[in-house]
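Asker: Take this structure first; my questions come after.
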Amino acid sequence: MQEIIMKECWIMVMMILLLKESWCCDGCLENERLALLQIKSHFNSSSSFMSAWGITADCCSWVRVGCNSTTGHVVKLSLDDQLNSLSLWGNNIAGCIKNEEFNHLISLKELYLSFNAIEGFISSNDLEYNQLEGPFNFKELGKSKLVTLDLSGNNITKFVDSREIRASNNISELYLDDMNITKGSKLLESLGAFSHLKNLSLVSCKFEGAILHQGLPYLEDLEDLNLNFSIINDNFLQKIGAMSSLKKLSLRGCSGLNDTKFLNQGKININLSLFEIYFILEILAKTFANEFTGVCKLKQLQELDISYNDISSSLPSCLANMTSLQSLDLSSNNFVGNISLSPLRDLTNLEYLDLSNNLFQIPISLSPFFNHSKLKHFESWGNNEIYGEKTEQNLTPIFQLETLYIDGYACIEAFPKFLYYQHNLRVASLQSLKLRGRFPYWLLQNNTKLEAFYLNNNSLSGPLQLPFHFHLNLSVLDISDNLFHGIIPLDIGTHFPRLKLVDLSKNDFNGSIPSSFRNMSLLQILDLSNNHISGSLPSDFSCSNMIGVHLSRNQLQGSLEDAFFDCLPLVVLDLSHNNMTGSIPLKFKLLVNFKKFT
Numbered sequence: 001m002q003e004i005i006m007k008e009c010w011i012m013v014m015m016i017l018l019l020k021e022s023w024c025c026d027g028c029l030e031n032e033r034l035a036l037l038q039i040k041s042h043f044n045s046s047s048s049f050m051s052a053w054g055i056t057a058d059c060c061s062w063v064r065v066g067c068n069s070t071t072g073h074v075v076k077l078s079l080d081d082q083l084n085s086l087s088l089w090g091n092n093i094a095g096c097i098k099n100e101e102f103n104h105l106i107s108l109k110e111l112y113l114s115f116n117a118i119e120g121f122i123s124s125n126d127l128e129y130n131q132l133e134g135p136f137n138f139k140e141l142g143k144s145k146l147v148t149l150d151l152s153g154n155n156i157t158k159f160v161d162s163r164e165i166r167a168s169n170n171i172s173e174l175y176l177d178d179m180n181i182t183k184g185s186k187l188l189e190s191l192g193a194f195s196h197l198k199n200l201s202l203v204s205c206k207f208e209g210a211i212l213h214q215g216l217p218y219l220e221d222l223e224d225l226n227l228n229f230s231i232i233n234d235n236f237l238q239k240i241g242a243m244s245s246l247k248k249l250s251l252r253g254c255s256g257l258n259d260t261k262f263l264n265q266g267k268i269n270i271n272l273s274l275f276e277i278y279f280i281l282e283i284l285a286k287t288f289a290n291e292f293t294g295v296c297k298l299k300q301l302q303e304l305d306i307s308y309n310d311i312s313s314s315l316p317s318c319l320a321n322m323t324s325l326q327s328l329d330l331s332s333n334n335f336v337g338n339i340s341l342s343p344l345r346d347l348t349n350l351e352y353l354d355l356s357n358n359l360f361q362i363p364i365s366l367s368p369f370f371n372h373s374k375l376k377h378f379e380s381w382g383n384n385e386i387y388g389e390k391t392e393q394n395l396t397p398i399f400q401l402e403t404l405y406i407d408g409y410a411c412i413e414a415f416p417k418f419l420y421y422q423h424n425l426r427v428a429s430l431q432s433l434k435l436r437g438r439f440p441y442w443l444l445q446n447n448t449k450l451e452a453f454y455l456n457n458n459s460l461s462g463p464l465q466l467p468f469h470f471h472l473n474l475s476v477l478d479i480s481d482n483l484f485h486g487i488i489p490l491d492i493g494t495h496f497p498r499l500k501l502v503d504l505s506k507n508d509f510n511g512s513i514p515s516s517f518r519n520m521s522l523l524q525i526l527d528l529s530n531n532h533i534s535g536s537l538p539s540d541f542s543c544s545n546m547i548g549v550h551l552s553r554n555q556l557q558g559s560l561e562d563a564f565f566d567c568l569p570l571v572v573l574d575l576s577h578n579n580m581t582g583s584i585p586l587k588f589k590l591l592v593n594f595k596k597f598t
């Protein structure tokens with residue numbers, strides 16, 4: 001699809017020239033000529049009438065361009081069969097465009113007119129936040145090729161259509177975000193006007209009463225429903241099962257899914273015994289499980305996001321029936337239970353699983369997912385309890401992870417065995433697990449695509465042993481807050497030449513700063529603070545991309561005169577609590593972005 005990128009200097013000219021009428025705005029003749037040439041650059045001029053534009057200086061003689069004979073201003077431009085995408089976003093064009101003129105743009109598929117204070121009806125596809133009110137009539141859309149319609153932030157009560165219009169409109173993507181849909185509204189009930197609708201967005205909407213489900217069963221082809229951050233009614237989860245074609249359902253941060261909301265309203269006596277509170281929570285868990293049965297009926301659902309809802313419950317057993325699920329985000333709730341006994345074991349098509357910030361018990365071995373051959377992303381951080389099994393199974397997982405985040409409350413003695421079988425990792429984060437042992441250089445050797453490695457806040461010790469081969473993809477290495485000791489390997493910069501962030505702080509490293517750091521030409525953040533590093537700063541240390549250098553609380557000596565060069569981007573240089581001498585060189589005082597020197 002050809003796109004026209006509207007630059008600030010000519011976006012109004014584009015609006016002026018677009019249709020076959022004299023519009024109400026003016027422009028400079030030279031600016032208009034340049035604007036036409038810039039428009040030409042975004043089309044395939046070799047196969048269009050625009051190929052002759054620019055041969056002569058007089059743009060009024062160009063094909064499909066018309067000028068006012070008195071003023072010389074361009075007043076007509078015919079792009080009817082060429083224009084696919086047009087953006088006039090945020091230009092205050094109210095009154096400049098006649099609604100019916102958009103019907104001439106028979107190839108237009110994308111049109112962005114948001115933030116223009118337009119009132120009333122315009123047959124465009126992006127009318128968000130334009131003070132539209134009342135019924136929305138499709139009559140003026142005619143037989144357009146528009147496939148995306150954005151009416152967000154308006155007060156539309158219903159869609160008015162006819163059988164003829166319903167058969168001819170091609171809209172498959174509809175945005176109705178940031179709308180207050182009241183009890184008298186027929187908006188959702190009239191969604192049947194969109195016979196080809198596949199994607200429906202109702203983000204940050206407020207639904208009054210039991211109206212949310214009205215109209216939704218008519219959408220037989222709907223595949224993607226986004227209700228993120230909306231206020232929905234309590235029984236919605238039960239009713240949604242009728243939308244059997246859904247493949248993606250997003251309920252992130254919705255008000256109304258939290259079964260324990262009355263706990264926050266002070267309706268439970270705080271003097272109840274633990275047994276009584278446990279009994280109440282059990283009832284709430286069963287209530288959520290009953291409501292969730294509607295979701296479990298969505299057999300074709302591939303993506304489900306119910307994160308950030310503060311749901312307090314165990315996982316409903318019917319979740320095991322949703323075997324088509326490929327992506328599941330349960331993060332930032334209060335789900336409880338041991339994952340080893342959960343219905344997640346049966347979801348073997350999962351590729352993405354986020355359990356972060358709940359109250360789950362999760363074995364560090366990830367043994368419940370050993371049969372999940374498609375699993376590529378596993379994430380658990382926050383309040384979950386990570387535990388080590390007394391006897392770790394000698395089974396080999398059949399998954400190959402690409403991203404792994406296991407951060408949380410734990411006291412794990414050793415690295416889990418499944419890591420020895422991983423070869424496709426791009427991100428590995430094993431933070432705050434109190435892991436013991438040596439630096440896992442083998443993980444770097446086995447995963448040559450690894451880009452980020454986080455081992456901070458553990459109890460690892462010994463020297464920093466590098467992999468046998470150079471690692472050309474690693475950009476982040478954070479092993480801070482451990483017990484590593486010895487010298488920093490002299491060839492660290494040669495082994496990891498593409499590092500952007502290096503954090504070795506809060507360890508027991510000694511010796512000098514390796515000169516091979518100069519090989520890290522992309523390095524932006526270097527943190528060696530809180531160690532026992534001594535000697536002087538390397539004289540050939542370039543910081544051409546450096547933003548922050550943290551070397552505080554070491555035993556460094558000497559002056560800054562010959563240290564660091566080409567440091568224009570530098571923002572922070574922290575050398576506090578060392579044995580440095582001399583004054584601050586002028587080169588640091590001249591740095592434009594420099595904010596902190598200590």
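Quick note: the sequence shown, position 521, residue 521 per the UniProt record's numbering, numbers continuous. The beta carbon of each residue, even a glycine, is placed where N, CA and C say it ideally should be. The model shown is predicted, which means the values in this text are computed figures rather than measured ones.
Any idea what DSSP makes of I362, helix, strand or coil?
Answerer: strand
Asker: How about S552 and H532: are their beta carbons less than 8 Å apart?
Answerer: no
Asker: From F49 to V63, what distance separates their C-alpha atoms?
Answerer: 7 Å
Asker: Mind checking who H532 pairs with in its DSSP beta bridge?
Answerer: DSSP lists N510 as the beta-bridge partner residues of H532.
Asker: Could you spell out the range, first to last residue, of the alpha helix (DSSP H) harbouring T157?
Answerer: Where T157 is concerned, there is no enclosing alpha helix (DSSP H), although the beta strand (DSSP E) it sits in stretches over 155-160.
Asker: Examine the Cβ distances between the segment 381-396 and the segment 349-366 and report whether three or more of them are shorter than 8 Å.
Answerer: yes
Asker: In terms of DSSP beta bridges, what is Q555 paired with?
Answerer: S534
Asker: Give me the Cα-Cα distance between M580 and F564, rounded to the nearest whole angstrom.
Answerer: 14 Å
Asker: Between the alpha carbons of L222 and K158, how many angstroms are there, rounded?
Answerer: For L222 and K158, the distance between alpha carbons rounds to 19 Å.
Asker: Just to confirm, is the Cβ distance from F418 to P440 under 8 Å?
Answerer: no
Asker: DSSP beta-bridge partners for F378?
Answerer: L353, L404
Asker: What is the C-beta distance between F229 and G192, in whole angstroms, given that I count them as a contact (C-beta under 8 Å)?
Answerer: That belief does not hold up - the Cβ atoms of F229 and G192 are roughly 26 Å apart, past 8 Å.
Asker: For the alpha helix (DSSP H) that D32 lies in, which residues bound it at each end?
Answerer: With the sequence shown as reference, residue 32 is identified as Glu, and Asp is not the correct amino acid for it. It spans 29-40 - the alpha helix (DSSP H) in which E32 sits, taken as one unbroken run.
Asker: Taking just the CA atoms, how far does S51 sit from L425?
Answerer: 50 Å
Asker: Under 8 Å Cβ to Cβ from E351, same chain only, skipping five residues before and after it: list those, please.
Answerer: Q326, S327, K374, L375, K376, H377
Asker: Tell me which same chain residues have a C-beta within less than 7 Å of the C-beta of L330, skipping the five on either side of it?
Answerer: Residues of the same chain with a CB within less than 7 Å of the CB of L330, apart from the 5 flanking positions on each side, are I306, S307, D354, L355, N358 in chain order.
Asker: Our contact map puts V147 next to S185 with C-beta atoms below 8 Å; I'd like the distance itself, whole angstroms only.
Answerer: With 8 Å as the limit, V147 and S185 do not qualify as a contact, their Cβ atoms being about 25 Å apart.
Asker: For P585, which residues in the same chain have their Cβ closer than 7 Å to its Cβ, ignoring the five residues on either side in sequence?
Answerer: L560, E561
Asker: Count the other C-beta atoms from every protein chain shown that fall within 10 angstroms of the C-beta of D503, then say buried if there are 16 or more, exposed otherwise.
Answerer: buried
Asker: Taking the DSSP output, what are the residues bridged to G548?
Answerer: I525, V572
Asker: If I'm right that D478 touches K506 with Cβ under 8 Å, what's the distance once you round it to whole angstroms?
Answerer: Contact flag wrong, Cβ pair sits at about 11 Å.
Asker: Quick one: grab the DSSP three-state call for R252.
Answerer: In this structure, DSSP gives R252 a state outside helix and strand, which the three-state scheme calls coil.
Asker: Would you kindly work out how many angstroms separate the C-alpha atoms of P569 and S432, rounded to a whole number?
Answerer: 32 Å
Asker: Measure the alpha-carbon distance for P463 versus G437 and round it to whole angstroms.
Answerer: 11 Å
Asker: Nearest CA to the CA of K206: which residue from T323, C59, M179, R33?
Answerer: M179
Asker: With 16 as the cutoff for other CB atoms within 10 Å, does L17 come out buried or exposed?
Answerer: Confidence is the limiting factor: at L17 the pLDDT is only 41, short of 50, which leaves the residue's position unreliable and the question unanswerable from this model.
Asker: When you compare each of T323, N545, F369, G558 to L499 by their alpha carbons, which one comes out closest?
Answerer: N545
Asker: Could you give the residue range of the beta strand (DSSP E) that holds Y387?
Answerer: Where Y387 is concerned, the enclosing beta strand (DSSP E) stretches over 385-387.
Asker: Between G54, S583, I156, which lies nearest to L188 when the distance is taken from Cα to Cα?
Answerer: Taking only the C-alpha atoms, the option nearest L188 is I156.
Asker: Under three-state DSSP, which class holds V74?
Answerer: strand
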